[in-house]
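Per the working numbering: the sequence shown = residues 6 to 265. From the three backbone atoms N, C-alpha and C, an ideal C-beta is built for every residue, glycine too. All values derive from a computational prediction rather than experimental measurement.
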Amino acid sequence: MKINNNNGHTISGLGSGAVGYLNESEETRNIGYYFVEGMKSLGHTVYDCTIDKSSSYLYEAVKKANRNKSDLAISHHLNCHSNKSANGVEVWVYDMSHKDTVEKAKKICEEISKLGFVNRGVKANPKFYWLGHTNDKAMIIEYCFCSNEGDSKKYNAKKMAYAAIKALTNIDLNTTKPTTNNPIEADYKYENGSYNVKATIIGTNGKGLNIREDRNVNSKILGTFKEGQVIEVNYCLNNWFSTWSGGQKGYVNGKYIKLY
Ligand SMILES: [Zn+2]
Numbered sequence: 006m007k008i009n010n011n012n013g014h015t016i017s018g019l020g021s022g023a024v025g026y027l028n029e030s031e032e033t034r035n036i037g038y039y040f041v042e043g044m045k046s047l048g049h050t051v052y053d054c055t056i057d058k059s060s061s062y063l064y065e066a067v068k069k070a071n072r073n074k075s076d077l078a079i080s081h082h083l084n085c086h087s088n089k090s091a092n093g094v095e096v097w098v099y100d101m102s103h104k105d106t107v108e109k110a111k112k113i114c115e116e117i118s119k120l121g122f123v124n125r126g127v128k129a130n131p132k133f134y135w136l137g138h139t140n141d142k143a144m145i146i147e148y149c150f151c152s153n154e155g156d157s158k159k160y161n162a163k164k165m166a167y168a169a170i171k172a173l174t175n176i177d178l179n180t181t182k183p184t185t186n187n188p189i190e191a192d193y194k195y196e197n198g199s200y201n202v203k204a205t206i207i208g209t210n211g212k213g214l215n216i217r218e219d220r221n222v223n224s225k226i227l228g229t230f231k232e233g234q235v236i237e238v239n240y241c242l243n244n245w246f247s248t249w250s251g252g253q254k255g256y257v258n259g260k261y262i263k264l265y
C-alpha cells in the first residue's frame, strides 16, 4: 500500500492545532510517527506530507501529497469542541461514493472504539481542504477529542496509530513482529512525551550541544549549551527535546543529554 501521510497542523504559530487536555499539534506528530514507522515496518510505502511551519500549511501539505500517487492520503488529527463533553472517534471522507475508502474509514473507527472511545462513525465533507484537493482517496482521522478529559485520559499515541494500522492491514503490531528489518524505536533513547526535568549535557567531546530551531540536525543553530551544563528539557518527540534558552524555545538532540 502507498500512503501520503500528513501529521495535522503546524507545530506552533499559524496553522497549529487545538490545545485542550492534549496538544493536538504534538499528538498528531506522535501518532503519525508510530503510524509511519509501523506501516514502513510492514513493508508499505509512506510519503511524508507534514508541514511543521507555514502560513498556508494545508496548501503546502496538499501540494506535497500530490507529488506522489498513493492509494490513500491520510491526515491525523485530534478533535476539539467548546462543548467539553463531546467525545469519541470519527473519520471524514470526501463523499460516501467510494466504497473502499468508506469501508477503510469504518474499520478505523471500529478499531479505535475498541480502545474505549465512542464510535461517531464515518462522515463526509467535500469542503475540507485535504479531502477536496488531494488527488488520491483521502481521509481525516479525528482520533478523539483533546477538549474532553475522559478521552485524553484514555489516549495513547502508539495504541491509536496501531489501531489505524490494524484497520488498514489486518495486522496488529502489538502482537506481530515487523516483517522488515526496521526497528521502530531502536535508535531512540527516549519515549515521546512530556518530561519537564533537568538534564546534563554529555558526550559532546567538549564541543557543547547545539540548540536547534527545529527537531533536526539541519535546522538553524540558535545557540549552544556547554558540556556538563544543566538544562531543563520539556517535550520529547522522536528523541528531540524542546527546551528554553534565553527566553527562546529550541530543540536539543536526546543523544547528548542525561536526564536527572
Ligand atoms: Zn485538527
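Residue j beta carbon less than 8 Å from that of residue i
| i | j | result |
| --- | --- | --- |
| residue 226 | residue 220 | no |
| residue 241 | residue 198 | yes |
| residue 43 | residue 178 | yes |
| residue 25 | residue 58 | no |
| residue 70 | residue 15 | no |
| residue 148 | residue 94 | yes |
| residue 168 | residue 117 | yes |
| residue 135 | residue 143 | yes |
| residue 63 | residue 29 | no |
| residue 204 | residue 176 | no |
| residue 137 | residue 99 | yes |
Three-state class that DSSP yields for residue i in the structure shown
| i | result |
| --- | --- |
| residue 82 | strand |
| residue 128 | strand |
| residue 178 | coil |
| residue 165 | helix |
| residue 50 | strand |
| residue 146 | strand |
| residue 63 | helix |
| residue 55 | coil |
| residue 42 | helix |
| residue 260 | helix |
| residue 19 | coil |
| residue 154 | helix |
| residue 35 | helix |
Residues that residue i bridges to, as DSSP identifies them
| i | result |
| --- | --- |
| residue 28 | 24 |
| residue 135 | In the DSSP output, where bridge partners are listed per residue, residue 135 has none listed. |
| residue 255 | 248 |
| residue 77 | 8 |
| residue 95 | 126 and 147 |
C-alpha gap between residue i and residue j, whole angstroms
| i | j | result |
| --- | --- | --- |
| residue 247 | residue 81 | 22 Å |
| residue 35 | residue 102 | 31 Å |
| residue 257 | residue 33 | 21 Å |
| residue 260 | residue 231 | 15 Å |
| residue 152 | residue 164 | 19 Å |
| residue 112 | residue 208 | 46 Å |
| residue 110 | residue 56 | 23 Å |
| residue 206 | residue 162 | 28 Å |
| residue 239 | residue 90 | 29 Å |
| residue 48 | residue 127 | 27 Å |
| residue 228 | residue 215 | 6 Å |
| residue 294 | residue 8 | The structure shown does not extend to residue 294, since the chain spans only 6 to 265, so no value can be given for it. |
Residue-level contact to chain D via CB, residue i, 8 Å cutoff
| i | result |
| --- | --- |
| residue 129 | Going by chain labels, chain D is absent from the structure shown, which holds only one protein chain. |
Which residue spans inside the stretch 190 to 227 form an unbroken alpha helix (DSSP H) run of at least 4? none
Mind pulling the alpha helix (DSSP H) runs of 4 or more residues that sit fully within the stretch 102 to 128? 104 to 118
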